[in-house]
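Report on the structure given below.
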Amino acid sequence: MAGGDTRYPILVDTDTLIAVANNSLWTHITDNVGLTTTNVCKQELERHAEETRETAPEGSRPYRLHHGSRTALAALEDDDTPLTQVTSVPRPHGADAGEESLRQEVVQNPTTIDYVILMDAAGRRSIRRAVDDQDEDIRVVTPPFLFYILYDNDLISRREFCEACGELLEREGWTGYNAVKAAWEGIPIDCSDILDDNLLP
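Everything in the sequence shown is counted per our numbering, starting at 789 for the first residue and increasing by one.
Right, dumping it as structure tokens:
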């Protein structure tokens with residue numbers, strides 16, 4: 789983990805870290821994009837790693853949770869990786885604690901954040917309300933936006949971008965109409981010549 793007090797302007801939740809850590813572009817992200825999460829999300833990653841087995845069937849949800857969490861935790865522990873955590877005070881609890889910790893961070897430190905990245909629709913709505921209340925210019929987007937940042941900085945090709953988005957949506961099971969529509973929100977790239985229609989808005 790980079791310096792403990794470093795805050796990068798991209799705030800990510802547990803599901804985002806797991807989804808992206810399981811993706812073929814993970815090292816591109818950890819080499820080039822600074823991310824910040826919360827201690828609550830880190831604890832969720834630790835719980836996923838403990839409660840699932842390394843030997844779970846490949847492609848299953850327990851397999852994704854275990855390996856994605858372990859990969860993300862290793863990056864958090866690596867001083868050379870631009871992935872840091874901030875401490876949520878007061879500490880949220882419950883099923884949505886990770887998302888609530890992001891919302892809390894938006895309320896407490898709005899000027900340090902440019903993007904909040906999470907997939908959960910209710911979580912995004914809650915954080916957008918907090919952003920509106922702060923009157924800050926913070927964008928609340930979904931995990932594929934991290935790949936768009938790579939593409940927008942000429943670090944990957946359009947094909948690599950499109951294929952990574954399709955891979956992430958399929959692997960995570962984010963293939964319902966609303967999930968796919970949300971995934972592409974704010975991404976001005978046409979992937980219709982590369983991906984199947986069911987993975988496009």
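Glycine is no exception: its CB is placed at the ideal position from the N, C-alpha and C atoms.
Since this is a predicted model, take the numbers as computed values, not measurements.
In this structure, proline 797 places its C-beta atom within 8 Å of the C-beta atom of tyrosine 903. Nearest C-alpha to valine 919 among Ile937, Phe935 and Gln896: Gln896. Taken through DSSP and simplified to helix, strand or coil, isoleucine 817 comes out as helix.
Straight through space, the alpha carbons of glutamate 865 and arginine 916 are spaced by roughly 30 Å.
Unbroken beta strand (DSSP E) stretches of 3 residues or longer found wholly inside the stretch 861 to 924: 871 to 874 and 903 to 905, given in chain order. The three-state secondary structure of isoleucine 975, taken from DSSP, is coil. Ranked by how close their Cα comes to the Cα of asparagine 811, the residues Val874, Glu951 and Gly911 have Glu951 in first place. Residue pairing by DSSP places valine 928 opposite Val904 in a beta bridge.
Comparing C-alpha distances from glutamate 834 to each of Pro850, Thr826, Thr818 and Arg858 shows the shortest one belongs to Arg858. Per DSSP, threonine 804 lies in no beta strand (DSSP E); the unbroken alpha helix (DSSP H) holding it starts and ends at 802 to 809.
For threonine 794, the secondary structure class from DSSP, reduced to helix, strand or coil, is coil. Rounded to whole angstroms, the gap between the alpha carbons of cysteine 979 and aspartate 985 is 9 Å. Counting C-beta pairs closer than 8 Å gives fewer than three between the stretch 834 to 849 and the stretch 882 to 893, which falls short of the contact rule. In the three-state scheme derived from DSSP, where H, G and I count as helix and E and B as strand, leucine 799 is classed as strand. The DSSP-derived three-state label of threonine 840 is coil. Nearest neighbour of leucine 813 by Cα position, chosen from Leu823, Trp972, Pro850 and Glu948, turns out to be Glu948. Per DSSP, the unbroken beta strand (DSSP E) holding leucine 823 starts and ends at 823 to 826. Burial check for histidine 881: the Cβ neighbour count within 10 Å stays below 16, so the residue is exposed.
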